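Okay, so here's the structure we're looking at.
Numbering (the numbering used here), first residue to last: 29 to 319.
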């Protein structure tokens, strides 16, 4: 059982017990409780209210500014030039070590609900990247595990950033059935507040029965991630984006630290912004879920 808690200088602490069903056919829906939504003044009591709040989220001036777009272009061009040779080597290794193309292409939800093709290095056997992935998935090939560990499979997305489909910082682009923010006024990002908070999402899902993964994600993880992203994007600044990028880089090179920390209580992310969001994920063997 896991608990996720948020604290803020502007709103009372809100907590949500993420109860991984012990049985594969447990009624995950019965575990959904009324929780205060971080960044909002009133509790969101059910799915319809949640959808209504996120129908038209607001954005900070920086999040939709031309200056942010200029930085996206400069950084993406620089990365694509510097990493051109390493990316070519990765592509060749994927083609030689597994069947299928080196680049994985999939339709994702972007700004204003439009769809675009996202590019990633293929880390799974061909045809198996269709939904949620749990830690230890047998479809991930050996090279793919290494690429995922250091997030190198995301490098082709700098091309998405260059052509304007994505930004450096923003909510991660998702498949339509997993999109929590229905009408984003900003571009999805290579990294973001919720991405940092749930950097070990695959480990969380590993503790859920395979028949409950979809329900658990939709009822537990998806609403929290959407609220974190909406709150961050409406307060985002240049400096907060820089801190998000730096923490993303540090989390990639400090992978072992975050993996071992799942065994105890630890801060997953401190998201820059005003007010800040702190998110913790810890085991709760001795805690009892609210009725």
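Even for Gly, the Cβ is constructed at its ideal location relative to N, Cα and C.
The model shown is predicted, which means the values in this text are computed figures rather than measured ones.
Residue environment, residue i, which counts as buried when at least 16 other CB atoms sit within 10 Å
{"i": "residue 178", "result": "exposed"}
{"i": "residue 105", "result": "exposed"}
{"i": "residue 132", "result": "buried"}
{"i": "residue 214", "result": "buried"}
{"i": "residue 275", "result": "buried"}
{"i": "residue 71", "result": "Unreliable placement is indicated for residue 71, whose pLDDT of 38 sits below 50; no coordinate value is reported for it."}
{"i": "residue 198", "result": "buried"}
{"i": "residue 114", "result": "exposed"}
{"i": "residue 96", "result": "buried"}
{"i": "residue 142", "result": "exposed"}
{"i": "residue 175", "result": "buried"}
{"i": "residue 268", "result": "buried"}
{"i": "residue 120", "result": "exposed"}
{"i": "residue 233", "result": "buried"}
{"i": "residue 118", "result": "buried"}
{"i": "residue 34", "result": "Note that residue 34 scores a pLDDT of 38, beneath 50, so its modelled location is shaky; the value from the coordinates is reported in the next line. The residue is buried, with at least 16 neighbouring Cβ atoms inside 10 Å."}
{"i": "residue 281", "result": "exposed"}
N- and C-terminal bounds of the beta strand (DSSP E) containing residue i
{"i": "residue 162", "result": "Taken as a continuous stretch (DSSP letters only), residue 162 belongs to no beta strand (DSSP E), as it is neither H nor E."}
{"i": "residue 125", "result": "Unbroken run through residue 125 is the alpha helix (DSSP H), 112 to 125; no beta strand (DSSP E)."}
{"i": "residue 146", "result": "143 to 149"}
{"i": "residue 136", "result": "131 to 137"}
{"i": "residue 210", "result": "From DSSP, residue 210 is part of no beta strand (DSSP E); its letter is neither H nor E."}
{"i": "residue 196", "result": "195 to 197"}
Contacts around residue i, its chain only, beta-carbon distance under 7 angstroms, and the 5 residues preceding and following it disregarded
{"i": "residue 253", "result": "208, 222, 226"}
{"i": "residue 53", "result": "Low confidence applies here, because residue 53 scores a pLDDT of 36, under 50, leaving its location unreliable; read the following figure in that light. Answer for residue 53: 239, listed in chain order."}
{"i": "residue 182", "result": "148, 218"}
Whole-angstrom C-beta distance between residue j and residue i, which should lie under 8 angstroms
{"i": "residue 103", "j": "residue 196", "result": "6 angstroms"}
{"i": "residue 220", "j": "residue 200", "result": "6 angstroms"}
{"i": "residue 272", "j": "residue 224", "result": "7 angstroms"}
{"i": "residue 169", "j": "residue 126", "result": "5 angstroms"}
{"i": "residue 110", "j": "residue 186", "result": "That pair is no contact at about 10 angstroms."}
{"i": "residue 91", "j": "residue 261", "result": "5 angstroms"}
{"i": "residue 163", "j": "residue 230", "result": "4 angstroms"}
{"i": "residue 206", "j": "residue 135", "result": "That pair is no contact at about 12 angstroms."}
{"i": "residue 190", "j": "residue 101", "result": "6 angstroms"}
Alpha helix (DSSP H) segment containing residue i, residue limits
{"i": "residue 276", "result": "266 to 281"}
{"i": "residue 233", "result": "229 to 234"}
{"i": "residue 172", "result": "170 to 177"}
{"i": "residue 224", "result": "221 to 225"}
8 angstroms CB neighbourhood of residue i in its chain, flanking five on each side removed
{"i": "residue 138", "result": "144, 193, 194, 201, 212, 215, 216"}
{"i": "residue 123", "result": "129, 130"}
6 angstroms Cβ shell around residue i - same chain, five flanking residues per side excluded
{"i": "residue 287", "result": "For residue 287, the pLDDT reaches just 44, beneath the cut-off of 50, and the residue's location in the model is therefore unreliable, although a value from the coordinates is still provided. Cβ neighbours of residue 287 beyond the five flanking positions: none."}
{"i": "residue 153", "result": "167"}
{"i": "residue 265", "result": "90"}
Closer than 8 angstroms to chain D by CB, residue i
{"i": "residue 123", "result": "Judged by its chain identifiers, the structure shown contains no chain D, having just a single protein chain."}
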